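Report on one structure; see the data block that follows.
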Amino acid sequence: MARYSLKLFGRLLLTLGVVSTAVFFLIRLTPGGPAVAVLGQDASPDAVARLNEKLGLTDPLLTQYWNFLTQLVRGSLGESLTNGLPVSGTILSVLPHTLELAVAGLIIGKLGGITLGIVEAVWKDRSPDIVGRVMSLVGLSFPSFFVAVLLVLFIALPLGLPTNGVAPFTEIGSNLQRILLPALAMGIVSTAYTSRVTRSLMVEIIGENHVRTARAKGVREGRVLVRHVLQPGSLPLVPIAGISFITLVGDAVLIETVFARPGLGSLMVNAMQARDYTTVQGCIIVVTTVIVLVNAAVDAFYHVLDPRTKTA
Numbered sequence: 014m015a016r017y018s019l020k021l022f023g024r025l026l027l028t029l030g031v032v033s034t035a036v037f038f039l040i041r042l043t044p045g046g047p048a049v050a051v052l053g054q055d056a057s058p059d060a061v062a063r064l065n066e067k068l069g070l071t072d073p074l075l076t077q078y079w080n081f082l083t084q085l086v087r088g089s090l091g092e093s094l095t096n097g098l099p100v101s102g103t104i105l106s107v108l109p110h111t112l113e114l115a116v117a118g119l120i121i122g123k124l125g126g127i128t129l130g131i132v133e134a135v136w137k138d139r140s141p142d143i144v145g146r147v148m149s150l151v152g153l154s155f156p157s158f159f160v161a162v163l164l165v166l167f168i169a170l171p172l173g174l175p176t177n178g179v180a181p182f183t184e185i186g187s188n189l190q191r192i193l194l195p196a197l198a199m200g201i202v203s204t205a206y207t208s209r210v211t212r213s214l215m216v217e218i219i220g221e222n223h224v225r226t227a228r229a230k231g232v233r234e235g236r237v238l239v240r241h242v243l244q245p246g247s248l249p250l251v252p253i254a255g256i257s258f259i260t261l262v263g264d265a266v267l268i269e270t271v272f273a274r275p276g277l278g279s280l281m282v283n284a285m286q287a288r289d290y291t292t293v294q295g296c297i298i299v300v301t302t303v304i305v306l307v308n309a310a311v312d313a314f315y316h317v318l319d320p321r322t323k324t325a
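Just so you know, we're using my numbering here: the sequence shown kicks off at 14 and counts up by one.
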């Protein structure tokens, strides 16, 4: 286990190192450099030179890269070009709202998708299965931001539900009101995907010999479903949940914009519009870190649950 943990930690550091290095060099490869990207093509040479000096872009490239890495190790992502505030502090103030939204969407997607997939598998090729598959196909046909717009137009506005902002975590009722529709918009697509995967897994397991043997012995159908179908079928859903969470973090960029929620997505969009490259760079690094950590957690969890991976 210790060897596996070290291997996983090394892979995590390598991935973060490659991504942060790529972000560093790609930003500096923009036409005219970051200063021109911030100030615009019509900026005077003096203004560009002053901003280059302020950002440390007049130093040799290797020196810039070393300073960038040492800042990252200290947990610093630089200062915003629009307000001068530390980027790391700004990101930490909105990151909980994005993670909360992604977790809520994940819960809706997994509960709805697994339930729907089980119903489809049990009633294979009958009315519930056909209706469920049609619903899944419809759910996969619409992107989450389009679903969000529909929810605002046909549910939020007619019912007078809040369509923007967030509430403190301590105000549970108000917080639920403001997160319900954004999470539902993300969860509907996740439900459709999860139901298709769950149905395929359950149908395959239901057709296996040990399930037929249990039924032949007279074991109750509910016990057969729980013990012989759901238990072995739940393990492959662990990495699916990790992939879904990563996808939902990406979806939050658009969903937060539709619902005007302060989060990592809206922060990144606003920073791109303001040409605040240090904030954009920080957001990309933080999103990548979240993705890598989730992947590492899923790998570790799967390694613990599945004994076969320990001997692989």
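Glycine included, C-beta positions come from ideal geometry on N, C-alpha and C. The structure presented is a predicted model; accordingly, all values stated were derived computationally and were not measured.
Specify the secondary structure class of residue i as computed by DSSP and reduced to three states.
i	result
E133	helix
E92	strand
P245	helix
P99	strand
V36	helix
E221	coil
L26	helix
K230	coil
L174	coil
F159	helix
F258	helix
R274	coil
S57	coil
P73	coil
R139	coil
Measuring straight from C-alpha to C-alpha, what distance separates residue i and residue j?
i	j	result
T226	V216	16 Å
Y290	G23	29 Å
I185	A309	31 Å
L172	V165	10 Å
K123	L114	14 Å
S247	A254	11 Å
P58	K67	14 Å
N188	P181	7 Å
Q77	P275	31 Å
R146	G125	13 Å
V307	L25	10 Å
R233	L214	21 Å
N177	I192	9 Å
E221	L243	13 Å
V86	A60	31 Å
A134	W79	55 Å
R236	Y315	25 Å
V224	R139	20 Å
S154	T71	49 Å
I256	R228	34 Å
A169	T270	16 Å
V32	V305	10 Å
I218	V299	39 Å
R209	V51	45 Å
A205	Q54	45 Å
T211	L19	33 Å
Nearest to residue i by alpha carbon, out of the options?
i	options	result
F272	F37, T28, T111	T111
L353	V132, K20, A287	Since the first and last residues shown for the chain are 14 and 325, residue 353 lies out of range.
G278	R288, D264, A287, Q286	D264
M281	V305, L26, I104, I253	I104
G88	P181, P99, L267	P99
S203	F38, G276, M148	M148
T34	Q294, D312, M199	Q294
L119	R191, W136, M199	M199
L27	T301, H316, Y315, L70	T301
T260	V144, T71, V116, T176	V116
V151	K137, A169, I201	I201
T83	S140, G30, N65	G30
S101	I297, V311, Y315, N65	I297
F81	P109, V49, V36	V36
L197	R212, V162, G231, V311	V162
S6	V311, A284, E269, V305	Not covered by the structure: residue 6. The range shown for the chain is 14 to 325.
P175	T183, Q190, F159	Q190
Which whole-angstrom value is the C-beta distance of residue i and residue j, which I expect to be below 8 Å?
i	j	result
L21	A313	6 Å
L39	S157	At roughly 27 Å, the Cβ-Cβ gap does not stay under 8 Å, so L39 and S157 are not in contact.
V262	V303	6 Å
T128	A287	Not confirmed; about 43 Å, so no contact.
A48	L74	About 15 Å separates the two Cβ atoms, so there is no contact after all.
Any beta-carbon of chain D closer than 8 Å to the one on residue i?
i	result
A309	The chain inventory of the structure shown lacks chain D, comprising one protein chain alone.
With burial defined as no fewer than 16 other Cβ atoms inside 10 Å of the residue's Cβ, what is the status of residue i: buried or exposed?
i	result
F258	buried
G10	Since the first and last residues shown for the chain are 14 and 325, residue 10 lies out of range.
P195	buried
T292	buried
G69	exposed
V107	buried
G130	buried
A15	exposed
V317	exposed
G91	buried
Tell me whether residue i counts as near the ligand MG, meaning its Cβ is closer than 7 Å to at least one heavy atom of that ligand.
i	result
T183	In the structure shown, the ligand MG is absent, as is every other ligand, since no ligand is present at all.
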